[in-house]
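Let me begin by presenting the structure, written as structure tokens, before commenting on it.
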Amino acid sequence: MRKFVLPCFAVVFLMTACVSQTEVRKDSENTTAVHAKHDQKVAHEITRESVRSDSPADISETSHKTIVETKIEQPSLASLDAGTLTDSLERDLSQAVETSRTAMVFREKNLLVVTLSGDAVFNMNSATVKTAAGSEIHSIANVIAQHPNSFVRVEGHTDSRGSEFNNMLLSKDRAEAVKNLLIQRGVDASRIEIIPFGESKPLISNQTEAGRRKNRRVEIKIATSDS
Numbered sequence: 001m002r003k004f005v006l007p008c009f010a011v012v013f014l015m016t017a018c019v020s021q022t023e024v025r026k027d028s029e030n031t032t033a034v035h036a037k038h039d040q041k042v043a044h045e046i047t048r049e050s051v052r053s054d055s056p057a058d059i060s061e062t063s064h065k066t067i068v069e070t071k072i073e074q075p076s077l078a079s080l081d082a083g084t085l086t087d088s089l090e091r092d093l094s095q096a097v098e099t100s101r102t103a104m105v106f107r108e109k110n111l112l113v114v115t116l117s118g119d120a121v122f123n124m125n126s127a128t129v130k131t132a133a134g135s136e137i138h139s140i141a142n143v144i145a146q147h148p149n150s151f152v153r154v155e156g157h158t159d160s161r162g163s164e165f166n167n168m169l170l171s172k173d174r175a176e177a178v179k180n181l182l183i184q185r186g187v188d189a190s191r192i193e194i195i196p197f198g199e200s201k202p203l204i205s206n207q208t209e210a211g212r213r214k215n216r217r218v219e220i221k222i223a224t225s226d227s
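Here the working numbering is used: the first residue of the sequence shown is 1, the next is one more, and so on.
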């Protein structure tokens, strides 16, 4: 009887061991599956975060393109380059900036150009007009306001230091600041447009400080019309 019980016990033991190994194998497979799902979820989150982190760059690039391409579409301003000049406007503007260290006036084909030194008008990386420069811009605005048929384009320019995007924004903000001063002194807002150029139109090389100083500027371009 004892001899019969021992083999039976051995069989039961072997069967139990097999069941245990099967369960261990299933647990291992389940664990692997759970880890795989977890890894897949983590990978998805990383991908989503990567897309999210790329969004500001995409937005900046889009904004940059928008700023470059945006112009105020008005028939009168679109015809600025086809305008004319009057001797009285040139004379009055020249007198207004005669003693100025901020501005100078010259002709550019059929346009009258008032160039404002960026360093004289603004602090570094700022679009706030200095008090003294504001008074001179007001004098220029008073002359333009006396010529109601004049069209004005305010162009902002920077040097090449810093990012292209930031320079474009700075040139836009500075052009806006000058435009607002012109409007305050009676220049018709509908006859003013701004165009920010950033660093894209230097007068001379940006390799020297003197060159960069000259390139930091705001230009007020003016023409008149008979209408």
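Idealized CB from N, CA, C, for every residue including glycine.
Just so it is clear, the structure is predicted and the values come from calculations on it, not from any experiment.
In this structure the region 188-197 lies against the region 148-156, because at least three pairs of beta carbons, one per stretch, are closer than 8 Å. For Glu-155, the number of other beta carbons within 10 angstroms of its own is at least 16, and it is reported as buried. Taking C-beta atoms as the reference points, Val-121 and Val-218 count as a pair closer than 8 Å.
Judged by beta-carbon spacing, Val-97 lies within the 8 Å limit of Ile-140, meaning their Cβ atoms are closer than that value.
In the DSSP secondary-structure assignment, Pro-196 is bridged to Gly-156.
Annotation for Lys-172: the continuous alpha helix (DSSP H) segment containing it runs 164-184. By alpha-carbon distance to Asp-173, the top candidate from Arg-91, Asn-142, Gln-95, Val-129 is Val-129. If you ignore the 5 residues before and after Glu-90, its C-beta comes within less than 8 Å of the C-beta of Val-105, Arg-107, Leu-112, all in its own chain and listed in chain order. A residue is called buried once 16 or more other Cβ atoms fall within 10 Å of its Cβ, and Asn-123, having fewer, is exposed. Sequence-distant Cβ neighbours of Ala-145 in its own chain, meaning closer than 7 Å and more than five residues away, are Arg-185, Gly-186, Val-187. In the DSSP assignment, Ile-222 forms a beta bridge with Leu-112, Val-152. Assigned with DSSP and collapsed to three states, Ser-205 falls in coil, not helix or strand. Runs of alpha helix (DSSP H) with 4 or more residues, each lying fully within the region 90-138, are found at 118-121, listed in chain order.
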